[in-house]
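Residue numbers (numbering that gives the first Met the number 0): 0 to 232.
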Amino acid sequence: MMRLDKLLAHLNFGSRKEVKELIRKGYVVVNGETVFDDDFKVDEKNDEINVLDNEIKYEEFVYFMLNKPDGYVSATFDNHQPTVIDLIDGYERRGIFPVGRLDIDTVGLLIITNDGKLAHKLLAPKSHVDKKYYLKYDGKYNKSFEEKFKAGITIDDGYTCLPATFENIGEGEAYITIREGKFHQVKRMMEAVGCEVTYLKRVTFGPIPLDESLKEGTCRPLTEEEIKILKSE
């Protein structure tokens, strides 16, 4: 059970003060009865709730696919830069956050949710969820890259990355799939083989591909099937 004013605030009908006013003016109907008490308790999953003649549905957890643009920080708050949360309107009070991070200049697929249990599962080191990136780079391709990535690239701090895949797709272009998420990992792996990444885009997260119909800076809810797939990872 949840207080009615808290529920409406979570669903972004306004601040707690604003939703109290909505309720007191008789704009909220629960199971066919107009409610005037803002502390009225509702069963958010089963009660029929109408606000201004529109039925509302409460979902405890929300899941979004965002096509992250350049210039946004993968965080819920930053003092100096806009964050990926700024790109998702209407969910400010739902506690959403990015699952993992993309560098500020990296674009592409980012999962946004308020499901902490799922996020922890997907990010746990033992989960080894594949992340595939498309990249452009300066430097000369060598056929040895595939074997070096497969064996595990040792980056600048001495850490040897888990086995990864390198797929050459053209001059200065490649796909790299990694199974972990060290700081600037793809860029540092490429530096280790004498190349500099000039463009980086995440194209898959686990088995979920980026919806190419999403323009950079836009998002959509994950489908039920996509949520099911992520939970099975």
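Backbone N, C-alpha and C fix where the C-beta goes; we use that ideal spot for every residue, glycine too.
Small disclaimer: the values here were computed from a predicted structure and weren't measured.
One or two residues paired with residue i in a DSSP bridge
| i | result |
| --- | --- |
| T176 | K131 and T164 |
| R2 | K40 |
| D137 | E195 |
| Y62 | T112 |
| V34 | Paired residue(s): none; V34 is not in a bridge. |
| P206 | Note: P206 sits in no beta bridge, so no partner. |
| N78 | DSSP, once it has assigned bridges, lists no residue as partnering N78. |
| V29 | E32 and I48 |
Alpha carbon of residue i to alpha carbon of residue j, nearest angstrom
| i | j | result |
| --- | --- | --- |
| P220 | F63 | 4 Å |
| V50 | R15 | 15 Å |
| E223 | Q80 | 32 Å |
| Y26 | T33 | 7 Å |
| L209 | R187 | 24 Å |
| F76 | K142 | 42 Å |
| K139 | H9 | 52 Å |
| G169 | R100 | 27 Å |
| T203 | L7 | 35 Å |
| H57 | G107 | First, the amino acid is wrong: residue 57 is Tyr here, not His. Rounded to the nearest angstrom, the two C-alpha atoms are 29 Å apart. |
| N78 | R178 | 31 Å |
| S73 | K67 | 9 Å |
Among the options, nearest to residue i - alpha-carbon criterion
| i | options | result |
| --- | --- | --- |
| L117 | K130, L21 and F96 | F96 |
| D52 | E43, V28, E59 and E145 | V28 |
| E225 | I84, L3 and I207 | I207 |
| E17 | M1, G31, D37 and M0 | D37 |
| Q184 | K130, S212, K214 and F144 | K130 |
| N113 | P124, I84, I177 and A123 | I84 |
Under 7 Å between C-beta atoms of residue i and residue j
| i | j | result |
| --- | --- | --- |
| G180 | P162 | no |
| V128 | I110 | no |
| G216 | L86 | yes |
| D69 | D104 | yes |
| E166 | G205 | no |
| F39 | L3 | yes |
| D42 | M0 | yes |
| A191 | I154 | yes |
| I12 | R23 | This sequence places Phe at residue 12; Ile is not what is there. No, the pair does not count as a contact, with Cβ atoms beyond the cut-off. |
| C218 | L65 | yes |
Touching by the beta-carbon criterion (3+ pairs, under 8 Å), the region 162-173 and the region 118-135: The region 162-173 vs the region 118-135: in contact.
TODO: Determine contact between the region 85-93 and the region 198-213, defined as no fewer than three beta-carbon pairs at a distance below 8 Å.
DONE: Touching, no.
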